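Asker: Can you keep this structure in mind? I'll have questions shortly.
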Amino acid sequence: MERTAVRGRLSWLLADVVELIPETPRVKSIRLRVPGWTGHLPGQHVDLRLTAEDGYQAQRSYSIANPPEGENVTITVELVDNGEVSSYVHEELRVGDRIELRGPIGGYFVWEPARGGPLQLVGGGSGLVPLMAMARSLGGAAVPARMLVSARTQEDLIYRQELSRLPTEIPDLRVDYTLTRSQPDGWKGYARRVDRAMLGETTFDSGQNPQIFVCGPTGFVESVATILRELGHPPERIRTERFGPTGG
Amino acid sequence: MIDDDRHLDGNAIGGLLQVLFGREMTHELGCCGNCGAVNPLGATVVYVDAPGSVIRCPACGSVLLVAVALPTGVRVSIESLRWIDLAEIGA
Ligand SMILES: Cc1cc2nc3c(=O)[nH]c(=O)nc-3n(C[C@H](O)[C@H](O)[C@H](O)COP(=O)(O)OP(=O)(O)OC[C@H]3O[C@@H](n4cnc5c(N)ncnc54)[C@H](O)[C@@H]3O)c2cc1C
Ligand SMILES: [Zn+2]
Chain A
19 MERTAVRGRL
29 SWLLADVVEL
39 IPETPRVKSI
49 RLRVPGWTGH
59 LPGQHVDLRL
69 TAEDGYQAQR
79 SYSIANPPEG
89 ENVTITVELV
99 DNGEVSSYVH
109 EELRVGDRIE
119 LRGPIGGYFV
129 WEPARGGPLQ
139 LVGGGSGLVP
149 LMAMARSLGG
159 AAVPARMLVS
169 ARTQEDLIYR
179 QELSRLPTEI
189 PDLRVDYTLT
199 RSQPDGWKGY
209 ARRVDRAMLG
219 ETTFDSGQNP
229 QIFVCGPTGF
239 VESVATILRE
249 LGHPPERIRT
259 ERFGPTGG
Chain B
6 MIDDDRHLDG
16 NAIGGLLQVL
26 FGREMTHELG
36 CCGNCGAVNP
46 LGATVVYVDA
56 PGSVIRCPAC
66 GSVLLVAVAL
76 PTGVRVSIES
86 LRWIDLAEIG
96 A
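Going down the list, the protein sequences come from chains A and B.
For the first sequence, the numbering used here assigns the number 19 to the initial residue and increments by one for each residue that follows.
For the second sequence, the numbering used here assigns the number 6 to the initial residue and increments by one for each residue that follows.
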């Protein structure tokens, strides 16, 4: 299985911006077509590189949101206040533009149906992105899967409609939510930060030996991974991807 | 052990490692020369601060690798990384 993730040389590719999709007021998805793309695995990311006229370059990683589909690569970018690259993506990037990227990158934080389950996903804010690529690739795989999603408000919840639809299409998938800052009237999900009780109630227990993927702001990942270890999951079953300072 | 809100995982330097080794490296195992802990490189602790990245052992915090941007490219210093296993490759 690892073999598919083992690739040769990594070089910069030019990607065409095909579509810009607003997900929330602060998050946009960017559909790219990448000539020469060799395909990818759910969980992998790309490095995006911007070059200014004076030659100055800035490079950041963005997880791939779509399951493997030819030369199509979709990323989902949250606007970070004063963020060099995310504000460029949000404010300057247009359909028809070309941007530089390299990838696919990663072989540790990846999952594909052939790896089996149970599959446990825990995502905070834009940390949902690589987990969504995994969930979107579940299809008819008959892998028991659970996803715990944390966002500040309902408005901040990315992929909201698709997430509510997915479990009806994939009966083996269960999705639970927590909104940490404010909740709409009649909200049935959790209304606090992810804690031990919530993880105990919503995730596979250690006896079921799930493969666990946790992604989000560093503080979120830190606290979720610590609790999962306390709940008895072996460290090597808990794979993490930290996106950086808390904000999402 | 390492308690702050800005560090990343080894995944974040997957691109650099792939350039360095010519293949995907985050799922390969590396051993810390200080404490002997063995972890996938994707599970190391990474600080990305201009002008470079510092890769630390998740168990003891020792510096395993440092990558610094140069005007001409990048300089990678191997610090206390004792060994790396490359799966499916003969020596
Ligand atoms: C493997 C990996 C995958 C990632 N995937 C995604 C993804 O799918 N979608 C996505 O939106 N982001 C993702 N990120 C984060 C992304 O790489 C950038 O760090 C983020 O977009 C901020 O970059 P910037 O240039 O806009 O901000 P910068 O100019 O780097 O930072 C501006 C300010 O914001 C703070 N800051 C930096 N990063 C963050 C952050 N993540 N959250 C809040 N504040 C921050 C900085 O401390 C600084 O004060 C990923 C990171 C990694 C390591
Ligand atoms: Zn160590």
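Glycine residues also receive a C-beta, built at the ideal position from the N, C-alpha and C atoms.
Predicted, not measured: the structure shown is a model, and the values here were computed from it.
Under a CB-based cut-off of 7 Å, is Met19 of chain A close to chain B?
Answerer: Note that Met19 of chain A has pLDDT 39, beneath the 50 cutoff, so the model's placement of it is unreliable and no number is given.
Asker: For Val161 of chain A, which residues from the same chain have a beta carbon less than 8 Å from its beta carbon, with the 5 sequence-adjacent residues on both sides left out?
Answerer: Only Pro131, Gly134, Gly135, Pro136, Leu137 and Asp190 meet the Cβ criterion.
Asker: Determine which residues of the region 199 to 226 of chain A have a Cβ less than 8 Å from any Cβ of chain B, and write them out in chain order.
Answerer: So nothing in the stretch comes that close.
Asker: Quickly, what does DSSP pair Pro40 of chain A with across the bridge? List them, please.
Answerer: Looking at the DSSP assignment, Pro40 of chain A forms a beta bridge with A:Lys46.
Asker: So what does DSSP say about Ala163 of chain A, is it helix, strand or coil?
Answerer: In this structure, Ala163 of chain A counts as strand in the three-state DSSP scheme.
Asker: For the region 7 to 18 of chain B, list every residue whose C-beta sits within 8 Å of some C-beta in chain A, in sequence order.
Answerer: So the close ones are Asp8, Asp9, Asp10, Arg11, His12, Leu13, Asp14, Gly15, Asn16 and Ala17.
Asker: Figure out for me which residue from A:Thr220, A:Gly88 and A:Gly204 has the closest Cα to the Cα of Leu166 of chain A.
Answerer: The candidate whose alpha carbon is nearest that of Leu166 of chain A is A:Thr220.
Asker: In its own chain, which residues sit with a C-beta less than 8 Å from the C-beta of Val24 of chain A, not counting the 5 before and 5 after it?
Answerer: For Val24 of chain A, the pLDDT reaches just 44, beneath the cut-off of 50, and the residue's location in the model is therefore unreliable, although a value from the coordinates is still provided. These residues qualify, in order along the chain: Gly125.
Asker: Once the 5 residues before and after Asp14 of chain B are set aside, which same chain residues still bring their CB inside 8 Å of it?
Answerer: Once the five neighbours on either side are set aside, the close Cβ partners of Asp14 of chain B are Gly47, Ala48, Thr49, Val50 and Val51.
Asker: Does Leu191 of chain A come within less than 7 Å of chain B when only Cβ atoms are used?
Answerer: Not one chain B Cβ lies under 7 Å of Leu191 of chain A.
Asker: Taking only runs of the alpha helix (DSSP H) that begin and end inside the region 16 to 65 of chain B, which ones reach a length of at least 4 residues, in chain order?
Answerer: As far as the region 16 to 65 of chain B is concerned, its whole alpha helix (DSSP H) runs of at least 4 residues are 19 to 26.
Asker: Between Asn44 of chain B and ligand 2, is there a pair consisting of the residue's CB and a ligand heavy atom that are separated by less than 6 Å?
Answerer: Not under cutoff, so the answer is no.
Asker: Drop a sphere of 10 angstroms on the beta-carbon of Arg44 of chain A, count the other beta-carbons inside from all chains shown, and report buried for 16 or more, exposed for fewer.
Answerer: Counting Cβ neighbours within 10 Å, Arg44 of chain A comes out buried, since at least 16 surround it.
Asker: Can Phe261 of chain A be considered in contact with ligand 1, in the sense that its beta carbon sits closer than 6 Å to one or more heavy atoms?
Answerer: Result yes, Cβ under 6 Å from ligand 1.
Asker: Restricting to Cα atoms, I'd like to know which of A:Asp223, A:Ser224 and A:Arg67 is closest to Tyr106 of chain A.
Answerer: Nearest option by C-alpha distance: A:Arg67.
Asker: Could you pull out every residue in the same chain whose Cβ sits closer than 6 Å to the Cβ of Tyr208 of chain A, ignoring the five residues on either side in sequence?
Answerer: If we look at Tyr208 of chain A and ignore the five residues flanking it on each side, its Cβ neighbours are Thr196 and Met216.
Asker: For Ala64 of chain B, is the beta carbon positioned less than 6 Å from some heavy atom of ligand 4?
Answerer: The model depicted lacks ligand 4 and carries ligand 1 and ligand 2 instead.
Asker: For Leu38 of chain A, which residues in the same chain have their Cβ closer than 8 Å to its Cβ, ignoring the five residues on either side in sequence?
Answerer: Here the set comprises Lys46, Ser47, Ile48, Arg49, Leu111, Arg112 and Val113.
Asker: Beta carbon of Gly101 of chain A: closer than 6 Å to some heavy atom of ligand 1?
Answerer: Yes, the beta carbon of Gly101 of chain A sits closer than 6 Å to at least one heavy atom of ligand 1.
Asker: So that I know if they touch, is there some Cβ in chain B lying closer than 7 Å to that of Val24 of chain A?
Answerer: Confidence at Val24 of chain A is low in this model, with a pLDDT of 44, below 50, so the placement of that residue is unreliable and no value is reported for it.
Asker: For Gly125 of chain A and chain B, any beta-carbon pair shorter than 7 Å?
Answerer: At least one chain B Cβ lies under 7 Å of Gly125 of chain A.
Asker: So, does the CB of Val24 of chain B fall closer than 7 Å to a CB anywhere in chain A?
Answerer: Output row for Val24 of chain B: interface = yes.
Asker: Since Val140 of chain A contacts Val232 of chain A with CB under 8 Å, what's their CB separation in whole angstroms?
Answerer: Yes, Val140 of chain A and Val232 of chain A are in contact; Cβ-Cβ is about 5 Å, under 8 Å.
Asker: Glu259 of chain A bridges to which residues according to DSSP?
Answerer: In DSSP, Glu259 of chain A forms a bridge with A:Cys233.
Asker: Closest Cβ-Cβ distance between Thr31 of chain B and chain A: below 7 Å?
Answerer: So yes, Thr31 of chain B belongs to the interface.
Asker: Taking Thr198 of chain A as the reference, give the member of A:Phe222, A:Lys206, A:Ser168 and A:Gly234 with the closest Cα.
Answerer: Checked all of A:Phe222, A:Lys206, A:Ser168 and A:Gly234; the closest Cα to Thr198 of chain A is A:Ser168.
Asker: Measuring only from the beta carbon, is Cys37 of chain B closer than 6 Å to any heavy atom that is part of ligand 2?
Answerer: Within the cutoff, so yes.
Asker: Just the chain A side, please: which residues come within less than 8 Å of Gly41 of chain B by C-beta, in chain order?
Answerer: Those do not exist, as Gly41 of chain B stays about 16 Å from chain A at its closest Cβ, beyond 8 Å.
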